[in-house]
Each structure stands twice: as structure tokens, then as C-alpha cells.
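Let me begin by presenting the structure, written as C-alpha cells, before commenting on it.
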Amino acid sequence: MINLFEILKKTNNFGTAENSRSFNDSDIPVTNSKKYFPKYDNRNIYWIESSSANNNQESIMMLNSQNEVKNLTGKKYNVRSKVHEYGGIAYAVDNDRVFFINHTDQNIYLIEDEKIHQITKHSNLRIGDIEIFNDNLYFIVEDHSKASQNYPDNYIGLLNIKYPSEIKKIVEGCSFYSNPKVSKDGKKLLWLQWDLPYMPWEASELFVGDIESDGSILLKDKVDGGIGSSIFQPEWKNDRSILYIKESGDKGQLFHYHRDKVCLAMETPIDLLRPLWILGLTSYKVIRDDLVLACGWDKGFMKFILIDILKKNFTELDFGLITDDLCITDKHILMAGSLEKFSNQIFYVEKKYLEANIQKPLEIAQKRVKITAVNKSYITHFLPTKNIFNSPPLIIKVHSGPTAHSHKGFSPEREYWTEKGFGVVEIDYRGSTSYGIKFRRSLDGEWGIYDTEDVLDVIKYIINENIYDQDKLILKGSSAGGFTLLNVLSESSMINCACCYYAVSDLQDLLSHTHKFESGYTKTLLGEDNIRKSEDTLFESRSPICKIDNIKTPIIFFQGLNDNVVPPHQTEKLFKSLTNNGINAEIYLFQNEGHGFRGKKTIEQCLKLEEKFYMKNLDLERMRL
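As C-alpha cells, this is what we get:
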């Protein structure tokens, strides 16, 4: 683990030269391990570590009281959940017991006394978001045994590890669930739920139920939420009091539920909401009964604050860290995240330091990346770190989601390109998170229009700034970012080369084939009213495949054949149509990859193929110094 304050004090920056890496042709930047989801069981510290050297297998690591680090799951097990396709938190700890979900079979396993035991034996279930209370495990279940593959049954399950043969349904009837949490006295369970066609950040509800002696939930009460209201990260503050994040104005704020009353715990200047793409995300932790550490977004930047709930005030902390994972130990706050020159690590801050400095600003000046407003969007610009070409090429990157944002922390891929002499510009178009709720919702009903306009505006801005040669502009996007990329190419010839990963291109086909979690998402992005008025013409006007004849730009495609989010045949159809039109296009399909590549060899191969494609189509070899 890394002491965050010591780094900030010593560097007065995001890192030093010794923390940066230089990459050569044989050194592809995917060998970094990533650390996330830290946990503590009053004795040991745990985290998930993803090693690209082992095809991004996810292992449970433990730091014991003797300061020894151990890999608890080894090479045999891969700790990952498949719930909602994107997974999330896949383990839980309690008094030297570790329960985890194995990716291959989605069964629950127990690590005890350094031995691994299989607890469940099922073949058609997916498990996630485990909560432990004594010998009872509470978790999210996706049951694929009876429903169609894309539309499983979802419920909250209960398993007593002394009688592990049967998983009991204790909460059901809703489309989706998350965040099952047991009160400290074991008498109540809270959870989030939401129904199709909504995503969790569009319409989620917080419920509390009484736990009966057999584990069933007979009486349940709705605490807050509903259509048009987003609830995030409910936590028990004590046996009868709950904290959670809820939309308030243009931000997600901390709310408090106590004695059947809901109130705003503290109005803050940052947005604490996260889109719940994966299970287990956090944006705050209770340090003591009256003190909360929270992290959120303000105009694209992540900020930390200490909230004194009783005194109704807060102190801003400028850590410069990007994190979704917080954990409290007896002495430390653990944060899994990255700085600009530090890849994903477990950073820590001493609790006594924060408690002693409440209401005292930290005197650590932070160097931050610069965010520039371009018309109605925002960009982050990373200059080449080496002079390789007499006029550097530029990669313009469009993030996926679209309810997401560009990454402001360390990016091995970005580092690779800037070391290779490429500039990188990353766009936060309308609909992106981290700029407030209004900005996030501005894309609803306008997907395929506003995002396309914003990218075109950025391209024009770059050309007018004259920093880069307008004949060496590359556009890159994946998933929803690939959708925007293709629409841009169909409307403009300003881009000279493009790279597309598992892109959405046919909206009607996507509605028919995508998985349950996102099956209503497209309707929100296109607008229910728009669909009712002109469904056929709407899908045609927004779908890149229907405008394929307008695309004249050389493009390289990458697609996983195990993709359950975007059907692989969409990419294959794009490639075939372009080559039939005489456009220079390449396609690479990967048998064992899904939506988001994980394999080290796959990622390395894709980067090399990208670079080769750019060098050839932009004639970059001739431009070397």
C-alpha cells in the first residue's frame, strides 16, 4: 500500500520521473497490475488484484498483521461476477473468512485457514454483491435456468453456509437488485431495486425489510426513490439509521434516514452519484458517528470532502486521486485508485490525521490535468512526451457508456501513445457524468445527435488551434463511443483514420439482441416520445449502419465473439459493407473476448495492429525525425 500524503508532500505533483514509464516496441503497457475493492475484517486488509501478465485474472490478495502479502486464490480461481454482464464486487470478508465468486462457474467458495472450499454447486446462476452476517450470506442472483439467456430472473438470495444446498429467495418480483446490507443487530435488511426499462441512475428505490427467524423478508418499507430519482450506496449508520446518496438539484447529495424521516445530511459542492455500471462502487465512508469522508465530481475533477454531519459543515481535501473504492480500517482510510503518474494502487491516509485536521485545509498544491470547454462539451489534452514525428499525429478518443466520462487518472494506453509521439485528446460530450446531473441527462432523447455534434465541434476546434497537422487526425471509440465515432465519420471527412472497438451500429438490432440490464437503456437515450412518433425513421436516422455509404475514412475494427452487449454480427456487417464500398478497412475477431477486452495477448495485439494501421494509412514512417 502507498501512503497518499507522503506522495503528495514529496512530489507536490501527481508523480515524479521515476514513477513514469517509457515504452519501446516490445514493451506494451498492459503488464501493470490493478488493485481495487479493498476490504478489512478487523485484522487483515484485502483487495482484488488483476494481473495482465496472467490474462487479467483477478485474485484476492491479503496483507496480514505481519505486513506479509499473500495471494489467497492463486492461479486456479478467477474472482469475478457476471451479474449484469459487467459484474463488480465478487468477494466478502468476515473474521478470517473470505467468500468469493469464481468466474468460470459463478459458484461461491470459502477460504478458511488458507484452504478453499466450494460452498454452492449450481450451473445456471450468477452471483454478486455478497453480504455476510454470522453464517448467513446475502447476495444478488441472476437465474438463467428458466428464462431466456438474455432475460434471467433477478432476486436477492440467502444462503446459510451450514446448509448450503439451497439458495432461498428472500426478495423478488423486481427487474434488478443491488446493495443488500444487514443492520448491525441482524434484524433488518436494506437494498436497492429498479425495474425495466430504467437504468439504476434513472429510477431506483431504497427499501428496508424485517428479517424473520428463517431469513425471509415479510414486512418491507420503501424509504426513498422512484421514477426520475436515483439512489446510490445505502449504508447502515447504526441499527435504525441509514445514509445514502440521492439526487438533489444538479448533484447527488448525502441523505439521512432516521426514525421514518428522510433529510438532507449535508449539502455539498460536489456530485456524489455514480452510475451503477458495476456492483460495489462507493463514494463515501463513515469515519466515526459524526464524520464522513466523501468523494465526488466537480466540473470534471474528483474532489474529496470531510463532512461533519452534526455541525453541518465540511472541509475540502485536494488529493488529486481518482477512485470508486473506499474502505475504513481501525487506523486508515483505504482508497483504490490512480493519480496521473501512478497506476491503480491501494493508497491510504491515516484516520487520526483527517480527524485532527477537520476544518483545516490541506496545504498541498495539486497539479491537475487541464479541462477545456469546447462549445457544449469538455476535452482533456495530453501532449506527446517524445518528439518522434516532425508533426505529431493526434488520437481523439470518445468514451463509452455513454453514461460515463473520460478517465483523468493514470492510463497505460494513453501513456503508451504519448510516449510513441502521439497526442491524445479525450472528449466528455453531452451526456457524460462528472459535470452534474443536468449535463448527464442532456443526451436523453438526443443520442446520435448531440454526441456527434460535440465531437465534430472538437475536431473543428483542434484544426483551428493548429497544434496538430489536420491530415493526421485519428478518431477512436469503443461501444457507445464507437457508435458516436461512426456517426461522425458518416457526416464529416475531417478525420483521416479511425479505430473502432465493439461498436453499436444498428439500434433496432441492439434492442432485439442486447442483454437484460441495458434492454431499456436505448429507449431512454433515443427518447420514448421520439420512438412513439417515428420509430422506423428514428432508428434509421440514428443508426450508423444505415449511413454506411457516407463513410470514406480508413477504419480498423476489433470485436470479441463472446460479446453479450453488442452482437458481434454488427461489427462484421460494418466491415463487409465498407469493403464492398472499396473503403480501406480491417477487422480482427477474438474468440475468447467479450465486451471489454481482458486478455494480455489480445490487448497487446490490438495496440500493435492499431499502430501499424495508423503508420500505414497516415504515412507516418515518412514523417519520423
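Going letter by letter, the sequence shown gives residues 616 to 1240 in the numbering used here. Every residue, glycine too, gets a C-beta built ideally from N, C-alpha and C.
query                                                                                                                                                                                         : result
What three-state label does DSSP hand Q721 in the structure shown?                                                                                                                            : coil
Is it buried or exposed for Q1206, if we count other Cβ within 10 angstroms and need 16 for buried?                                                                                           : exposed
Can the beta-carbon of L1153 be found less than 9 Å from the beta-carbon of F1172?                                                                                                            : no
Just list the residues that DSSP pairs Q808 with in beta bridges.                                                                                                                             : Y792, E820
Go ahead and pull the three-state DSSP assignment for M1109.                                                                                                                                  : coil
What residue does the beta strand (DSSP E) around E1201 start on, and which one ends it?                                                                                                      : 1200 to 1205
Excluding five sequence neighbours on each side, which residues of the same chain lie with their C-beta closer than 8 Å to the C-beta of V694?                                                : I663, E673, S674, I675, T688, A705, Y706, F715, I716, N717, H718
Using three-state DSSP, classify M1264 as helix, strand or coil.                                                                                                                              : Given a span of 616 to 1240 for the chain in the structure shown, any question on residue 1264 remains unanswerable.
Measure the beta-carbon distance from R889 to L896 and round it to whole angstroms, keeping in mind my assumption that it falls under 8 Å.                                                    : 5 Å
Name the DSSP bridge partner or partners of S648?                                                                                                                                             : S666
Going by beta carbon distance, what residues of the same chain come within less than 6 Å of H996, once the five residues before and after it are set aside?                                   : V1040
Assess contact between the segment 1137 to 1145 and the segment 1100 to 1108, defined as three or more Cβ pairs (one per stretch) separated by less than 8 Å. Is contact present?             : no
Measuring alpha carbon to alpha carbon, tell me which of N739, D711, W1032, S738 ends up nearest E727.                                                                                        : D711
For E965, name the three-state secondary structure that DSSP assigns.                                                                                                                         : strand
Counting only runs of 3+ residues fully inside the segment 820 to 889, write out the beta strand (DSSP E) ranges in chain order.                                                              : 820 to 826, 832 to 840, 846 to 853, 856 to 863, 866 to 873, 876 to 881
Any chance you could list the beta strand (DSSP E) runs of at least 3 consecutive residues sitting entirely within the segment 894 to 927, in chain order?                                    : 899 to 903, 906 to 913, 916 to 923
Tell me whether H1243 is buried or exposed, calling it buried when 16 or more other Cβ atoms sit within 10 Å of its Cβ.                                                                       : Residue 1243 falls outside the range modelled here, since the chain spans only 616 to 1240, and no answer is possible.
Is it right to say Y753 is buried, meaning 16 or more other beta carbons lie within 10 angstroms of its own, or is it exposed?                                                                : buried
Let's test the definition: count the other Cβ atoms within 10 Å of the Cβ of G1096 and tell me whether it reaches 16, buried, or not, exposed.                                                : buried
Less than 8 Å between the CB atoms is what I'm expecting for L678 and N657, so what's the real figure, rounded?                                                                               : Between N657 and L678 the Cβ distance is about 14 Å, and since that is not below 8 Å, they are no contact.
Can you check which of these residues, W892, F847, N775, S958, is closest to A909 by C-alpha distance?                                                                                        : F847
Measure the alpha-carbon distance for L1204 versus T1186 and round it to whole angstroms.                                                                                                     : 9 Å
If we call anything under 9 Å between Cβ atoms a contact, is P812 one with G1135?                                                                                                             : yes
So, is H1210 buried or exposed, given that buried needs 16 or more other C-beta atoms within 10 angstroms?                                                                                    : buried
Do Q1174 and Y1083 have their beta-carbon atoms positioned less than 9 Å apart in this structure?                                                                                             : no
Look at the Cβ atom of S1049, then the Cβ atom of G915, and state whether they are nearer than 9 Å.                                                                                           : yes
I'd like to know whether the C-beta atoms of G1063 and R1157 end up nearer to each other than 9 Å.                                                                                            : yes
When burial is assigned at 16 or more other CB atoms within 10 Å of the CB, is N959 buried or exposed?                                                                                        : buried
Counting C-beta neighbours from all protein chains within 10 Å, is the total for L747 16 or more, i.e. buried, or is it exposed?                                                              : Reading off the sequence shown, one finds Ile at residue 747, where the question assumed Leu. Label assigned to I747: buried.
What residue does the alpha helix (DSSP H) around C942 start on, and which one ends it?                                                                                                       : Looking at the DSSP string, C942 is not in any alpha helix (DSSP H); the run it does join, the beta strand (DSSP E), is 937 to 943.
Only counting runs of 3 or more residues, tell me where the beta strand (DSSP E) segments fall wholly within the segment 1097 to 1159, in order along the chain.                              : 1112 to 1116
Per DSSP, which residues does V708 bridge with? Please list them.                                                                                                                             : V713
Among the residues of its own chain, which have a CB less than 6 Å from the CB of I1074, if the five just before and after it don't count?                                                    : M1109
Considering only residues of the segment 1013 to 1084, which uninterrupted beta strand (DSSP E) runs meet the minimum length of 3 residues and lie entirely inside it, listed in chain order? : 1038 to 1043
Assign L977 to one of three DSSP states: helix, strand, or coil.                                                                                                                              : Per-residue confidence for L977 stands at a pLDDT of 47, beneath the threshold of 50, marking its modelled position as unreliable; no derived number is given.
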